[in-house]
Every structure is written in structure tokens, then in C-alpha cells.
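Report on the structure given below.
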Amino acid sequence: MKFSLEKLFWSGCGLLAVFYALLPVVWIVSLSLKRPADLNDQRFFASQISFDNYRNVFGDAQFPAALWNSVGIAGIATLLSVTLAMFAAYAIVRLEFPGKKAVLAGALAIAMFPPVAIIGPLFNLWRLFGLFDSWAGLILPYMTFTLPLAIWTLAAFFREIPWDLDKAARVDGATPLQAFIYIIAPLAAPGVFTSAILVFIFAWNDFLFATALTSTNAARTVPAAIAFFTGSSQFEQPIGSIAAASVVVTLPVILLVLLFQRRIVAGLTAGAVKG
Amino acid sequence: MSSHPAERRLAWLLCAPAVAAMLLVTAYPIAYALWLSLFRYDLRFPAQRSFVGLANYASVLGSEVWWKALTNTLLITVGSVGFEFILGLALALLAHKTTIGRRSVRTAILVPYAIITVVAALAWKFAFDPTTGFINALLGLQNAWLTEHWSAFMVIICSEIWKTTPFMALLLLAGLTQIPADLLKAARVDGATAWQRLRLITLPLMKPTIMVALLFRTLDAFRIFDTVYVQTRGAQDTETVSIVGYNTLIVRLNLGLGSTVSVLIFICVLLIAWLFIKGFGAPFEQRSGGPS
Chain P
1 MKFSLEKLFW
11 SGCGLLAVFY
21 ALLPVVWIVS
31 LSLKRPADLN
41 DQRFFASQIS
51 FDNYRNVFGD
61 AQFPAALWNS
71 VGIAGIATLL
81 SVTLAMFAAY
91 AIVRLEFPGK
101 KAVLAGALAI
111 AMFPPVAIIG
121 PLFNLWRLFG
131 LFDSWAGLIL
141 PYMTFTLPLA
151 IWTLAAFFRE
161 IPWDLDKAAR
171 VDGATPLQAF
181 IYIIAPLAAP
191 GVFTSAILVF
201 IFAWNDFLFA
211 TALTSTNAAR
221 TVPAAIAFFT
231 GSSQFEQPIG
241 SIAAASVVVT
251 LPVILLVLLF
261 QRRIVAGLTA
271 GAVKG
Chain W
1001 MSSHPAERRL
1011 AWLLCAPAVA
1021 AMLLVTAYPI
1031 AYALWLSLFR
1041 YDLRFPAQRS
1051 FVGLANYASV
1061 LGSEVWWKAL
1071 TNTLLITVGS
1081 VGFEFILGLA
1091 LALLAHKTTI
1101 GRRSVRTAIL
1111 VPYAIITVVA
1121 ALAWKFAFDP
1131 TTGFINALLG
1141 LQNAWLTEHW
1151 SAFMVIICSE
1161 IWKTTPFMAL
1171 LLLAGLTQIP
1181 ADLLKAARVD
1191 GATAWQRLRL
1201 ITLPLMKPTI
1211 MVALLFRTLD
1221 AFRIFDTVYV
1231 QTRGAQDTET
1241 VSIVGYNTLI
1251 VRLNLGLGST
1261 VSVLIFICVL
1271 LIAWLFIKGF
1281 GAPFEQRSGG
1291 PS
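Residue numbers (the working numbering), protein chains in the order written: chain P, 1 to 275; chain W, 1001 to 1292.
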């Protein structure tokens, strides 16, 4: 009897946790599906489903441009950051060299760094170099601020790889390239993929750099664009469009995270605990 | 530690691009900010640029805006990290405890992590909005939450807690799984209550993880910008230090004073990290030895 009561208690808590996590998400989805006339009905669920908000948000030039900027900028920053981090993490895990600890500690220091402390200098420098309001002007800070995360995650994953397999394959007659392609690369892929997701989410999420270093549709990413959406009057936020745009940029990332949840949990906690 | 010269060269070569990027895009700008903070430099009046020494620091530290923002930031930091810790610990215990619900709980708590902070802030803003939101209707109130000081604070802190608790919970859960189950079983056999087991075994053994989680989240909460910007833009006395820095630099284009604010924020972050490491014994040295 006591056992089943305990079970009931924990299941109830579980339901509560799921409710907690999903509440605002369901709310914004439901808001985005309301008819424009129903937006102010103060109801949680849409009484009648309409896709008007989605049509509006894609009909406007601002949102598609921001979406393209977000995908491009976050994608390129991820590619660069993970590539550079891969080199560094390989050296840290596999090679002995003076300065290894300095690299790791420096990366950790940057992870704790307040981004607002450098937006002023970057704003000034980017204007001088012509990088203000350009893709490169956002890719550079995103790449740099995600390098620590990528290096730490990759180093944690690389440590788990049985590198001696490489030697065994070479003894069996594989060339170094073959040993790398068939043995090492498949073992390293999950770690690389996980850090890529974490880095992408950081770049996708950023708002501070995106508002400070852009001014037009040329490079403004979705978070900044959503915050500056304007309605019929300057003081009224177009709630329906904002909700629809929010859903469009949120759902793919949620799907990505849920599909790869095991790896993401491993990546987020790597290093923090085993330390 | 004796390493081959060729190996050393290869290692440095492999690290060079990442280190160069980190130096160029963070170390150099912070040095440049330090330099700019010594000048009167307003982009609207660039001709009046002149060296003023520490005068900018005197005027920022002498202004009420800075101290007000610092108090607000500390309040938000302590409020959100404190609640998050309790809630995160509860979620971690829950995910650890339930075998059936573990997957669904783990999945659910990843959702807030995956959401853009701006979107989460807007969702909560609309939920509390007196004309659009469901919260007033639900509670039978007529509050305009974001137009009053304390209720605006509450909405901001709630949004922060909702968004970042998963990170805390995941870190704590990882620490929790490292506690030997036999130890807890033995304590249970010896008659320790659930509360005693938590207080005397689980929490002490988790101390390193807890310190790391708290340090990371405190530094993260201290630089809060997105949520406040979206929900109040600093109105109702909810300005944080990051908002003050942003407004001075990007809105008022005052690079001298703005850089001073930047440098002061940087010093605050260093102070917090130092306090955690020296004061509370956060296991920083182990960490810098590498994550293995």
C-alpha cells in the first residue's frame, strides 16, 4: 500500500513537471492560432483555429529575411566554431604540450565573460572595419563565445574514445587515412554532432549582439527582429505576428533537442560533474 | 610532462586558430574598453574626445543609476538562482527517482532550454498582459503586472526561473547519478529518514556539482539582458547593469561612459567568481585540470 502511494506521489510530481515545462509553449502556440479578432479574449486556448497570423508574418518582408539571416549566421558560426574547437580539443586530449592548462582556463574564463562588456568596443571596431550590420560581424562573436563550450564538450567526448584502435588498425595494414576515416571519425562523430547542436542553440538564441551590432534586415536575426516587430502603431506590439514568428523559430529547435536529448544532456553536463 | 618538440609544435598549431579567435574577439576588445573608459568619447560629438583619466569611473560610481541597477541585478540574480536551485534539485530528484516517468520528465525539462530567451520572455509578457493574457482572467484580477515595480520584478524573475531551471536540474541530476546507490540503501536500512538521507548523504556528496552549477548560473544571471529588455526595457526601475551598459553604449552612443560601465561589470563578474572559489570553495582547480 505504502509503495503504490509513493509511486502515485512521484507520478503526480512528474505530471506537474511536464505541465511546468510546456505551459508557456502551449500558450504561445495557442496565441499564434487565434484569429486576430480573438487575440484579446484572455482565453488560454484558441476558440477557433486560424492561420492568419502565419500568413501575415510570412507576407511581411522582415521575418523571412530574419529567418534566412538566423539560419545562415548560426549555421556558419557553428561550422567554424566546431572545426576550430575540434583541432584544439584533439591537441588537448592527445598531445602533451606546455600551455595546455592555460588554453583550458582561458576558455573557461571566456565562458564566464559578460558579453555586454565588449559590445561597445565591437560596435566601434565593426563600424571602422565595415563589419557593422553584416553576417561576418555576428559570426565572429558567436564563433568566439561558443568556442569554450565546444572545446570543453569535445575534449570530454574525445577522452572517451579508445584511440588505440587506430594503432591496431594500422598494424592490420590500414593506412593512416583509412584508420582515421573508418575507425576514428565514426567514434568522434557523436561528440562533434552534440557540440554542434549546443553551439547552434547559443547562436540561434543570442539577442544582445544581434541588437547591438545590426540595424537593418541585412543581418538582423530572428530574436532581434521579433523584439522590434512593429504593429499598426508604434506603441502597439503585433501580438499575433510575434506569436506566429516565435512558434516558427521555436518548434524546429525543440524537435532537434528532443530527438537528440540523450546526447544533449551528456554534452551539457560533460566536464561540469566529472571535474 | 616531457614532450617531443614536434608534438609540441603540432599541439600549438592545432590550438592556434581557437586561441587567436578568443584573443582577438574578447581579450582585445576588453583591453580596448579599458582604454576607452579613460576618455570622454561621445560618438555624437567625436571632436570633443579627450583624455579624462578616472573621471568616468567617478561619475558612474557617483551616479544613482549605477547603484540602483547593481541592486536590481543582484536582486534578480539571488532571487532566480535561489529558486532555481530548489526547483532544480526537486526536478533532479524526481527524474532520478521515477523509473517510469524519467524519460518524460527529462524530455519535458529540456523544452525551456531549447526556447529562445526572447520568445520565452514574450510568452510570459503576453500571459501577464492585462488585455491579452490569461493570468488575470484565471486569478480574477485586473493587475497590469509589468507597470509596477515589484510585480514587474516578479514577472522577470519568474521568466528567468522557468527558462534556466532545466540547466540547473540537468547538472544536479548528473551529480546525483554519481552517488553510490548502496550508500543510500545502507542508510535506509539503518533507519535514516528520507530527509536525513538527503541532508547528510546526498547533498554533501553533491557539493562539488552544486558549487559548479551555482557559480555558472550566478554569473549567467548577473548578465541578464534579454528578458528585462523585452519585458520592461528597464522601465519601473527594473534596469540591470547590462541594460545600463547597452543604453549608454548603443542608444546614447557614449563610448567613454559606456566602456566604464562595461569594465565595472567585468570587475563584478571577476569578484563573484573569486568569491565562489575562495569563499565557498568551488572546485575550480579540479575543473581547470580538464573534464575527465
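Ideal placement from N, C-alpha and C gives every residue a C-beta, glycine not left out.
Closest Cα partner of residue i within the set the options
i	options	result
W/T959	W/A1055, W/L1034, W/S1151 and W/F1083	The shown model of chain W, from 1001 to 1292, leaves out residue 959 of chain W, and the question about it has no answer.
W/L1054	W/W1035, W/I1210, W/W1066 and W/W1067	W/W1035
P/A155	P/K7, P/Y90 and P/V265	P/Y90
P/L79	P/A196, P/P238 and P/T221	P/A196
P/F113	P/Q261, P/Q178, P/C13 and P/L149	P/L149
W/D1226	P/I184, P/N205 and P/L84	P/N205
W/V1230	W/S1037, W/L1024, W/A1047 and W/T1117	W/T1117
W/G1320	P/A117, P/F51, P/L198 and P/F9	Because residue 1320 of chain W is not part of the residues shown, which for chain W are 1001 to 1292, the question remains open.
W/L1203	W/L1219, W/A1221, W/T1177 and W/D1220	W/T1177
W/L1070	W/E1148, W/G1133, W/T1238 and W/L1184	W/T1238
W/V1119	W/S1159, W/I1135 and W/A1092	W/S1159
P/I264	P/D133, P/V199, P/T250 and P/A185	P/V199
W/W1012	P/L95, P/P238 and P/P141	P/L95
W/L1341	W/L1010, W/A1021 and W/L1043	Examination of residue 1341 of chain W is not possible in this model, given that chain W is present from 1001 through 1292 alone.
P/F260	W/K1185, W/A1114, W/V1261 and W/F1216	W/A1114
Same chain only: Cβ atoms within 7 Å of residue i, ignoring 5 sequence neighbours per side
i	result
P/A212	I119 and F123
P/S11	none
W/F1039	R1049, S1050, F1051, V1052 and G1256
W/Y1041	R1049, L1255 and G1256
W/V1228	I1156, G1234, T1238, T1240 and I1243
W/A1121	S1159, D1226, T1227, V1230 and Q1231
Pair within 7 Å by beta-carbon distance, residue i and residue j
i	j	result
P/I73	P/S246	no
P/A224	P/V57	no
P/V18	W/A1108	yes
W/L1146	W/A1152	yes
P/I76	P/I139	yes
W/P1005	P/L84	no
W/V1111	W/A1095	no
P/G137	P/L128	no
C-beta neighbour in chain P for residue i, strict 7 Å
i	result
W/T1132	yes
W/V1081	no
W/G1088	no
W/K1097	yes
W/Y1057	no
W/E1007	yes
Cβ neighbours of residue i in the same chain (closer than 8 Å, five flanking residues each side left out)
i	result
P/I242	I226 and F229
P/F207	P223, A224 and A227
P/N53	S32, L33, K34, P36, G240, S241, A243 and A244
W/R1188	R1197
W/W1124	V1155, C1158, S1159, W1162 and Q1231
Backbone secondary structure at residue i - three-state DSSP
i	result
W/C1040	Residue 1040 of chain W is actually Arg in this sequence, not Cys. Three-state DSSP puts W/R1040 in a strand.
W/F1051	strand
W/S1288	Bear in mind that the predicted position of W/S1288 carries a pLDDT of just 38, short of 50, making it too unreliable to give a figure here.
W/N1254	strand
P/S246	helix
P/G95	Looking at the sequence provided, one finds Leu at residue 95 of chain P rather than Gly. If DSSP states are grouped into helix, strand and coil, P/L95 belongs with coil.
P/I119	helix
W/T1071	helix
Contact with chain W by residue i, beta-carbon distance below 7 Å
i	result
P/L154	no
P/S47	no
P/L258	yes
P/F229	no
P/V18	yes
P/L21	Looking at the sequence provided, one finds Ala at residue 21 of chain P rather than Leu. Closer than 7 Å: yes.
P/Q62	no
P/P176	no
P/G14	yes
P/V57	no
Chain-order list of residues whose beta-carbon lies under 6 Å from that of residue i (same chain, five-residue window excluded)
i	result
P/A179	D166, A169 and R170
W/G1088	T1165, M1168, A1169 and L1172
P/W135	I73 and A219
W/L1093	none
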